[in-house]
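Novice: When you read off a place in the sequence shown, starting at 1, and then add 15, the result is the number in our numbering. This is the structure, below, for whatever I ask next.
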Amino acid sequence: MNYKTPKGTKDILPSDSYIWQYVEDKAKTVFNNANYKEIRTPIFETTELFTRGVGDSTDIVNKEMYTFVQKERSLTLRPENTAGVVRAFIENGMHRYPSPVKLWYKGPMFRYERPQAGRQRQFHQLGVELFGIENASADAEVIQIAMKLLDELGLKNLSLEINNIGCPKCRNAYKESIKEAVSSRLLEFCTDCHLRFEKNPLRMLDCKNDKCKELFASTEIESVINSEFICEDCVKHFSELQEYLKVLNIDYKINKRLVRGLDYYNRTVFEITSTNLGAQNAVCGGGRYDPLVEMLGGPHTPAVGWAFGMERVISLLPALEEKPLDLFLVTNNTKKAFELAEKFRKQGISCDFDLANRKFQKQIEKASKCGAKFAVILGEDEISSGVMTLKNMQTGDQQKLPSFEDVIKAVSSPV
Ligand code: ATP
Ligand code: MG
């Protein structure tokens, strides 16, 4: 039998995992510095959490969920993590924490999609959720954190698009206008759009179908999209967000067709795209979802967040060299090697040695093959005279050093 990874999934091999660790380390630093705390939620939840929390007019819920029944309970592998984080927020009474509650997460998500470049069935997201602040300063902060992280990772050619899709107060009239604008030609839209028409006409604007996109151009819808439909409070929120972005020197474009993800987004939605990606050019998506906590059974709590696709971000990273092993111990005295390796590791020096106790020459070759910066050679001579021979694996230079501290100093100083 030839076992293979299931379609749409990938192993992350040792030759790549250091890149993942690099992204995760950078993220951890950026989040910690801004006082965001990590949250880890289960990778499966009750199915209803997603049908309600993501919304049944979304592709995620309608087509992409991995659902299974266990003891008559329907469970789903998480397709995204906002619903799970909101569930945890409510279940753990986090609305009683000092506001705002600023959280981040990372981990695998599962969507039954057609695998292609930039699209997998198990992929990874990194994201933040900020609870408790209605003011546009919260939207600005989460956008700032996303841009900061992507910038620190060295990503270039990114563009930020923002929109304000209104609030429950003003959006209903907008939805009705969209319905009116497309209704005479509804039959020509795709079947998914028929469902969206009934459940959430706003999501029709997000349709990827070429025919639907064409239809938009030829219906009244363009003028509806371009109309100023949002209420005074939403206008104020949107202009405040823009003021903050200007102060933060973050470039943005307004895209009035941007609606995005969850059914329960309100006001701010945004997306960061890269011109260096192909068809799947969205790196990061997010928005404000003020009604969601209450909808899932909690007290009214405004919230805003985003998620980025780690595979897509990693595919955009500039070339990155793996940090080499600091030193390889070459000795036939395995017990001594254990003892010394532990001493080096305690000093933060990465260190390895030959567990198979091969001949000296083979061990030197191994030190070279595994890319170690230095080899410490400990033959019988060295052990009896209490010195260590330090070999610089790049230059081949060797020197005898009288103490452990001297070796630490030599290994730690830049080559
Ligand atoms: P897309 O338009 O690419 O389908 P989306 O709107 O479904 O994206 P979100 O649900 O907002 O995406 O997820 C946020 C980010 O997660 C996306 O911007 C993307 O980088 C990443 N992502 C989403 N789905 C996948 C997938 N199937 N494989 C890899 N990355 C993904
Ligand atoms: Mg998608």
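Beta carbons are placed, not taken as given, at the ideal position from N, Cα and C, and that holds for glycine. Computed from a predicted structure; not experimentally measured.
1) Using only the alpha-carbon positions, how far apart do ASP166 and ASN281 sit?
2) Tell me the DSSP secondary structure of LEU344 in three-state form.
3) So who's on the other strand from HIS315, going by DSSP bridges?
4) Can you find at least 3 beta carbon pairs, one from the stretch 56-66 and one from the stretch 94-110, that sit closer than 8 Å?
5) What residue from GLU258, MET310, CYS249, PRO306 has the CA that sits closest to THR283's CA?
6) Pull up the DSSP beta-bridge partners for ASP266, would you.
7) Per DSSP, ASP26 is paired with what?
8) So does ASP439 have its beta carbon nearer than 8 Å to some heavy atom of the ligand MG?
9) Which residues does DSSP pair with TRP35 in a beta bridge?
10) Rounded to whole angstroms, what is the Cα-Cα separation between THR346 and ILE364?
11) Any heavy atom of the ligand ATP closer than 8 Å to the beta-carbon of MET124?
12) Pull up the distance between the alpha-carbon of GLU181 and that of GLU60, whole angstroms please.
13) So who's on the other strand from TYR81, going by DSSP bridges?
14) By Cβ distance, which residues of its chain are closer than 6 Å to SER238, with the 5 residues on each side in sequence left out?
15) What whole-angstrom Cβ distance do THR73 and TYR81 have, given they're in contact under 8 Å?
16) Assuming GLU39 contacts LYS171 (C-beta within less than 8 Å), just tell me the rounded distance between them.
17) Using the beta-carbon count (16 or more within 10 Å), is LYS406 buried or exposed?
18) Would you mind giving the Cβ-Cβ distance between LEU263 and GLN413, rounded to the nearest angstrom? I have them listed as a contact below 8 Å.
19) Looking at ALA188 and GLU235, is the spacing between their C-beta atoms short of 9 Å?
20) Using the rule of at least 16 other Cβ atoms within 10 Å of the residue's Cβ for burial, across every protein chain shown, is ASN241 buried or exposed?
21) With distances taken from CA atoms, which of ASN150, LYS163, MET109 is nearest ASN48?
22) With a 10 Å radius around its C-beta and 16 neighbouring C-beta atoms as the bar for buried, classify ARG93 as buried or exposed.
23) Just to confirm my understanding: we take ASN215, look at its own chain, exclude 5 residues before and 5 after, and list those with CB closer than 8 Å. What are they?
24) Using DSSP with H/G/I as helix, E/B as strand and the rest coil, what is LEU164?
25) Given that a residue counts as buried once 16 or more other Cβ atoms are within 10 Å of its Cβ, and exposed if not, what is MET219?
26) Are there 16 or more other CB atoms within 10 angstroms of the CB of PHE375, so buried, or fewer, so exposed?
Specialist: Quick answer:
1) By 1-based counting over the sequence shown, the position of residue 166 is 151. By 1-based counting over the sequence shown, the position of residue 281 is 266. Taking the straight line joining both Cα atoms gives about 27 Å.
2) Locating residue 344 in the sequence shown gives position 329, counting from the first residue. LEU344: strand per DSSP, three-state reduction.
3) Numbered from its first residue, the sequence shown carries residue 315 at position 300. The partner list for HIS315 (beta bridge, DSSP) is empty, contrary to what the question assumes.
4) The stretch 56-66 vs the stretch 94-110: in contact.
5) Locating residue 283 in the sequence shown gives position 268, counting from the first residue. For THR283, the nearest C-alpha among the options comes from CYS249.
6) Locating residue 266 in the sequence shown gives position 251, where the first residue counts as 1. DSSP output for ASP266 lists no bridge partner at all.
7) Position 11 of the sequence shown, counting from 1, holds the residue named residue 26. According to DSSP, ASP26 bridges with nothing at all.
8) This structure leaves residue 439 out entirely; the chain is present only between 16 and 430.
9) Here residue 35 refers to the residue found at position 20 of the sequence shown. Answer is none; TRP35 lacks a bridge partner.
10) If you number the sequence shown from 1, residue 346 lands on position 331. If you number the sequence shown from 1, residue 364 lands on position 349. In this model, THR346 and ILE364 are separated by some 18 Å (Cα to Cα).
11) For the purposes of this step, residue 124 is taken as residue 109 along the sequence shown, with counting starting at 1. For the ligand ATP, at least one heavy atom lies less than 8 Å from the Cβ of MET124.
12) Residue numbering aside, residue 181 sits at position 166 when the sequence shown is read from its first letter. Residue numbering aside, residue 60 sits at position 45 when the sequence shown is read from its first letter. In the sequence as presented, Glu is not what sits at residue 181; that position holds Gly. Roughly 30 Å separates the two Cα atoms.
13) As a position in the sequence shown, residue 81 is number 66, starting the count at 1. Under DSSP, TYR81 shares a beta bridge with LEU92.
14) Here residue 238 is taken as the residue at index 223 of the sequence shown, counted from 1. Leaving aside the five residues that flank SER238 on each side, none in its chain has a CB nearer than 6 Å to its CB.
15) As a working mapping, residue 73 is identified with position 58 in the sequence shown. As a working mapping, residue 81 is identified with position 66 in the sequence shown. About 15 Å; that fails the 8 Å criterion.
16) The sequence position of residue 39 within the sequence shown is 24, counting from 1. The sequence position of residue 171 within the sequence shown is 156, counting from 1. Actually they do not touch by this definition, with Cβ atoms about 21 Å apart.
17) On the sequence shown, position 391 is the one that residue 406 refers to. By the neighbour-count criterion, in which 16 or more other beta carbons inside 10 Å mark a residue as buried, LYS406 falls on the buried side.
18) Within the sequence shown, the letter at position 248 stands for residue 263. Within the sequence shown, the letter at position 398 stands for residue 413. Not quite, the Cβ-Cβ distance comes to about 53 Å (not below 8 Å), so this is no contact.
19) Stepping through the sequence shown from its first residue, residue 235 is reached at position 220. Stepping through the sequence shown from its first residue, residue 188 is reached at position 173. No, these two residues do not count as a Cβ contact at 9 Å.
20) The residue you call residue 241 lines up with position 226 of the sequence shown. Counting Cβ neighbours within 10 Å, ASN241 comes out exposed, since fewer than 16 surround it.
21) Reading the sequence shown from its first residue, position 33 is the one you call residue 48. The shortest CA-to-CA distance from ASN48 to any of ASN150, LYS163, MET109 is the one to LYS163.
22) Translated into positions along the sequence shown, residue 93 becomes position 78. ARG93 is buried by the Cβ-count criterion.
23) By 1-based counting over the sequence shown, the position of residue 215 is 200. GLY70, SER72, LYS190, ASP278.
24) By 1-based counting over the sequence shown, the position of residue 164 is 149. Residue state for LEU164 is assigned as helix, using DSSP reduced to three classes.
25) Reading the sequence shown from its first residue, position 204 is the one you call residue 219. With 16 or more other Cβ atoms inside 10 Å of its own Cβ, MET219 counts as buried.
26) Taking the first residue of the sequence shown as position 1, residue 375 is located at position 360. Residue burial annotation: PHE375 is exposed, with fewer than 16 other C-beta atoms found within 10 angstroms of its C-beta.
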